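Residue numbers (my numbering): 245 to 321.
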């Protein structure tokens, strides 16, 4: 098959929270949580970050808990 006709193929990224050395999701780990919050302060969707559905729910819960405790801001300017 010609290289010009080959459809664009993107390798599926694996979940950063699965595996033996994966970090644990904790509301006190602000550095980890900030990687999954956009510049405006919104939670980045799992289709962009490649986080599994279960871990995305845990991540959202941790981010919301950190916001409530004023560890993370709700909105960034």
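Quick reminder that beta carbons are idealized off the backbone N, C-alpha and C, glycines included.
Keep in mind it's a predicted model, so treat the numbers as computed, not measured.
Please name the residue in the options whose C-alpha comes closest to that of residue i.
i, options, result
"residue 302", "266, 270, 315", "270"
"residue 290", "298, 284, 254", "298"
"residue 261", "255, 308, 309, 279", "279"
Could you check what DSSP says for residue i in three-state terms: helix, strand or coil?
i, result
"residue 269", "coil"
Nearest-angstrom Cα distance between residue i and residue j?
i, j, result
"residue 305", "residue 315", "14 Å"
"residue 285", "residue 312", "13 Å"
"residue 310", "residue 251", "42 Å"
"residue 281", "residue 267", "17 Å"
"residue 308", "residue 321", "18 Å"
"residue 293", "residue 273", "18 Å"
"residue 230", "residue 283", "A question about residue 230 goes unanswered here, because the residues of the chain that appear run from 245 up to 321."
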